[in-house]
Amino acid sequence: MDPYLLVVITLVLLAVADLIVGVSNDAVNFLNSAIGSKVAGRQTILIIAAAGVLFGALSSSGMMEIARKGIFNPEMFAFSDVMVIFVAVMVADIILLDVFNSLGLPTSTTVSIVFDLLGAAVAVAIWKSLESSSGFVGVAEAINISTATAIISGIFLSIGVAFSIGGIVQYLCRLWFSFKFEKHLKTHGVIFASIAISIITYFLLIKGAKGSSFLSKDVSNFVATHTLELMGVVFLISLLVIFILVKTVNAHPLKIVVFTGTFSLAMAFAGNDLVNFIGVPLAGYQSFNIWDGSGIAPDMFMMDQLGAKVQTPFVFLLLAGLIMVVTLWFSGKAQKVTETEVNLGRQDAGEERFKPNLLSRVIVGGALNMGSWMRTTLPAGAVRRMDVRFYKRIAEVSDYDRPAFDLVRASVNLIVASFLIALATSFKLPLSTTYVSFMVAMGTSLADKAWGQESAVYRVAGVLNVIGGWLITALMAFFTAGAFATGIYFGGPWVAILLGVLALAFFVNSNLRFNKKQKAETKLKAQEIDPEKQERLFEVLKEDIIKLLAFEDEVVDHAFKYIKKEKPKPVRKLNHAWKDFEAEADKLKKVVYKHVLKKSSHSEEYGVALLFNQHHIDDLKKNLSALVDLITEHEKNHQSLPEEDYVKIVLNLKPSYQAYDKLISEKLERDLLLNIDDLLRLKKETQEEMQDALNQLMVISSQKHISHKQAIVLSEYILLLKNLVAIKGRIVQNYQRGKDAEGSILDAIV
Numbered sequence: 016m017d018p019y020l021l022v023v024i025t026l027v028l029l030a031v032a033d034l035i036v037g038v039s040n041d042a043v044n045f046l047n048s049a050i051g052s053k054v055a056g057r058q059t060i061l062i063i064a065a066a067g068v069l070f071g072a073l074s075s076s077g078m079m080e081i082a083r084k085g086i087f088n089p090e091m092f093a094f095s096d097v098m099v100i101f102v103a104v105m106v107a108d109i110i111l112l113d114v115f116n117s118l119g120l121p122t123s124t125t126v127s128i129v130f131d132l133l134g135a136a137v138a139v140a141i142w143k144s145l146e147s148s149s150g151f152v153g154v155a156e157a158i159n160i161s162t163a164t165a166i167i168s169g170i171f172l173s174i175g176v177a178f179s180i181g182g183i184v185q186y187l188c189r190l191w192f193s194f195k196f197e198k199h200l201k202t203h204g205v206i207f208a209s210i211a212i213s214i215i216t217y218f219l220l221i222k223g224a225k226g227s228s229f230l231s232k233d234v235s236n237f238v239a240t241h242t243l244e245l246m247g248v249v250f251l252i253s254l255l256v257i258f259i260l261v262k263t264v265n266a267h268p269l270k271i272v273v274f275t276g277t278f279s280l281a282m283a284f285a286g287n288d289l290v291n292f293i294g295v296p297l298a299g300y301q302s303f304n305i306w307d308g309s310g311i312a313p314d315m316f317m318m319d320q321l322g323a324k325v326q327t328p329f330v331f332l333l334l335a336g337l338i339m340v341v342t343l344w345f346s347g348k349a350q351k352v353t354e355t356e357v358n359l360g361r362q363d364a365g366e367e368r369f370k371p372n373l374l375s376r377v378i379v380g381g382a383l384n385m386g387s388w389m390r391t392t393l394p395a396g397a398v399r400r401m402d403v404r405f406y407k408r409i410a411e412v413s414d415y416d417r418p419a420f421d422l423v424r425a426s427v428n429l430i431v432a433s434f435l436i437a438l439a440t441s442f443k444l445p446l447s448t449t450y451v452s453f454m455v456a457m458g459t460s461l462a463d464k465a466w467g468q469e470s471a472v473y474r475v476a477g478v479l480n481v482i483g484g485w486l487i488t489a490l491m492a493f494f495t496a497g498a499f500a501t502g503i504y505f506g507g508p509w510v511a512i513l514l515g516v517l518a519l520a521f522f523v524n525s526n527l528r529f530n531k532k533q534k535a536e537t538k539l540k541a542q543e544i545d546p547e548k549q550e551r552l553f554e555v556l557k558e559d560i561i562k563l564l565a566f567e568d569e570v571v572d573h574a575f576k577y578i579k580k581e582k583p584k585p586v587r588k589l590n591h592a593w594k595d596f597e598a599e600a601d602k603l604k605k606v607v608y609k610h611v612l613k614k615s616s617h618s619e620e621y622g623v624a625l626l627f628n629q630h631h632i633d634d635l636k637k638n639l640s641a642l643v644d645l646i647t648e649h650e651k652n653h654q655s656l657p658e659e660d661y662v663k664i665v666l667n668l669k670p671s672y673q674a675y676d677k678l679i680s681e682k683l684e685r686d687l688l689l690n691i692d693d694l695l696r697l698k699k700e701t702q703e704e705m706q707d708a709l710n711q712l713m714v715i716s717s718q719k720h721i722s723h724k725q726a727i728v729l730s731e732y733i734l735l736l737k738n739l740v741a742i743k744g745r746i747v748q749n750y751q752r753g754k755d756a757e758g759s760i761l762d763a764i765v
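As structure tokens, this is what we get:
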């Protein structure tokens with residue numbers, strides 16, 4: 016069989032994988048506003064988005080210019096060269112986007128594919144130039160430098176413009192609506208929704224329908240020359256229709272905006288970003304059809320015909336659309352990327368994913384100083400009136416099932432993103448749609464005062480991480496695709512097939528691992544305390560504490576095995592057990608902090624017991640982490656342990672330590688905590704035994720039977736064990752105190 020036919024088949028399979036990873040990352044752009052505002056159930060939102068995606072894919076003309084001649088000049092390359100470029104691009108794109116999806120970070124699929132193409136084309140052009148002795152003049156002729164420059168400038172243009180305009184529009188809209196917008200829906204809401212529908216329609220006509228097969232050239236020209244008149248007609252019709260719907264069926268005008276905006280963005284992304292996913296494989300398929308049967312060697316057949324326009328078969332668009340819809344519905348990674356953007360823009364405080372850094376602290380500090388200066392500069396009356404418009408009732412913020420943000424912000428996100436993308440398209444400006452959507456959402460969050468003083472450094476750090484990821488996308492795409500292209504260029508089509516198979520294996524393995532991890536997270540989420548169990552919080556915490564102590568016991572057991580010099584070395588298992596412990600401790604922390612303020616309102620003693628519970632667990636985590644680090648560093652540094660006779664001093668502590676752990680578990684499991692004298696007695700005996708072992712080590716060390724470093728390692732290990740014994744005793748005592756307080760509250764309620 017012709018190896019290039021196998022290469023084409025490989026490209027087709029890679030196209031399916033690239034569709035999945037691409038949609039998983041791009042979905043956030045049109046799902047963020049609807050999901051964040053909880054405008055409807057997730058299934059309803061996905062149905063609307065899926066309809067937009069399918070309609071966008073089917074209405075696309077399929078002119079995949081960027082993959083065939085947008086970045087490089089095909090007439091400068093032979094058939095074998097372009098196939099090298101296409102396979103390298105697909106392999107690099109799948110790996111790169113899948114990594115971003117796994118991390119839950121949104122990036123631009125357009126920038127990814129452009130720099131993949133640029134990197135692979137540059138690599139092939141360099142090797143061809145070196146072989147022909149034409150030098151770098153040949154590289155410059157082979158690459159479309161102006162397009163690449165326009166894309167790079169578009170990255171920076173997207174970030175600043177979208178963030179600024181999104182913030183300004185959101186601030187003005189919030190002053191207009193306030194957070195109590197429900198009472199203005201029948202007046203302000205109808206007008207606002209009509210303006211929004213007009214802008215979204217403009218976006219659909221300019222961006223979503225650009226190059227689409229369902230609009231003829233005459234219609235497109237008419238739209239371009241009569242845009243303002245059309246927008247006026249759309250506004251009047253929208254005003255009338257929305258007014259009637261509000262009056263007759265009590266429709267929510269802002270929900271209409273969010274549903275319409277979600278559909279239009281989904282349609283535009285599917286229609287215009289389809290090139291990012293299937294453009295390269297289609298170019299490879301078309302290249303093979305052009306070359307096949309020519310009778311010319313693949314390295315001699317020049318691809319000047321690839322520059323001509325070719326209509327993409329409808330069946331390819333249909334299959335691509337169906338794959339995108341299925342991915343949108345079932346992809347867990349799409350949900351993770353969406354959660355990242357929604358959480359960065361949520362109105363309330365909560366658990367923060369990103370850690371603050373120096374730059375985020377500097378930015379927040381500067382913003383606070385500027386805010387203080389503006390409040391002192393502006394008239395006091397104006398400041399008070401603005402504060403009233405931004406006032407949020409505590410009950411709204413504390414609602415358990417609240418949306419991340421309200422429908423006003425969701426509508427602004429969609430309106431501003433649609434307007435900016437359509438405006439840039441009409442002026443042929445290189446604007447990244449992903450960057451616009453994300454930065455508009457971040458700008459509206461800032462203007463809506465969602466980034467409070469308590470959370471601002473975390474949110475800004477998150478935005479900086481995402482922006483940094485965008486720049487890394489371009490660099491990694493360029494160099495990764497270039498490296499793959501080099502390997503294929505010298506290895507031939509069989510290397511291309513091998514790399515394609517490896518990329519598919521990476522994609523499948525990554526998704527299997529992600530799904531496994533997601534199932535574990537879903538299981539943990541399902542175990543979260545429901546309202547019926549919240550009244551008996553300590554009763555529920557008991558199960559988690561028992562599980563936590565079991566993981567702690569497993570870590571210590573592996574540490575004892577290391578000291579005993581068991582084979583194989585148990586450090587890897589020790590670290591796995593530590594990760595399990597850490598995950599369980601983090602879960603407990605979320606539960607406690609989520610309920611501590613609510614419980615404190617019932618009883619101060621109860622709230623204090625919850626806080627002490629978390630304090631003791633943090634203390635346990637800190638000491639166990641020190642123990643893990645002690646053993647891990649000792650093993651990494653290839654340091655030795657003393658002879659067996661001296662190690663026995665430490666190993667003899669294991670039975671009493673495990674007996675103490677076993678008694679704690681029995682007391683908790685069987686609720687035998689009314690009398691813990693036997694536990695306290697065993698705790699004292701265990702600690703005394705550890706102190707005796709420590710004294711023996713000091714004597715042996717002074718007699719030079721063991722080295723100084725060996726003595727330090729073993730003594731630190733014993734001291735950490737002694738701390739763990741004390742902390743676990745405090746956890747049990749505090750648990751009983753909290754349970755007693757819980758019982759008193761329930762008795763009072765009854």
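With the working numbering applied, the sequence shown corresponds to residues 16 to 765, in that order. Positions of the beta carbon are idealized from the N, C-alpha and C atoms, including for glycine.
Per-residue DSSP class, three states only, for residue i
i	result
M317	strand
R752	helix
P546	Since pLDDT at P546 reaches only 43, below the 50 mark, its modelled position is unreliable, and no value is offered.
A93	strand
N40	helix
I24	helix
L120	coil
M78	With a pLDDT of 45 at M78, under the threshold of 50, the modelled position of that residue is not reliable, and the figure given next carries that caveat. M78: coil per DSSP, three-state reduction.
A382	helix
R745	helix
L656	coil
G56	coil
H241	coil
D108	helix
Length of the line joining the Cα atoms of residue i and residue j
i	j	result
A520	V27	15 Å
N690	D755	13 Å
S48	V431	12 Å
L21	I512	7 Å
A397	R745	54 Å
R696	E658	33 Å
D363	S213	31 Å
F115	D131	15 Å
L461	V377	16 Å
H267	L200	7 Å
V523	Y504	26 Å
I206	L254	7 Å
G134	Q654	46 Å
I311	A93	11 Å
V176	F420	22 Å
S730	L712	7 Å
A489	G336	26 Å
Buried or exposed by the 16-neighbour rule on C-beta atoms within 10 Å, applied to residue i
i	result
Q725	buried
S426	buried
K262	exposed
S127	buried
A395	exposed
D660	exposed
K677	exposed
M315	exposed
P328	exposed
Option nearest residue i by Cα separation, candidates the options
i	options	result
F596	F575, F627, K579 and I632	I632
T124	F420, S387, V295 and L517	V295
I664	I721, A335, F303 and V97	I721
K195	N710, A382, V403 and V330	V403
Chain C within 7 Å of residue i, Cβ atoms only
i	result
M315	The structure shown contains no chain C; it is built from a single protein chain.
Distance cut-off 6 Å: residue i Cβ against heavy atoms of the ligand MG
i	result
E704	The ligand MG is not part of the structure shown, which contains no ligands of any sort.
- Whole runs of the alpha helix (DSSP H) within the region 657 to 718, excluding any shorter than 4 residues: 659 to 666, 669 to 684 and 692 to 717
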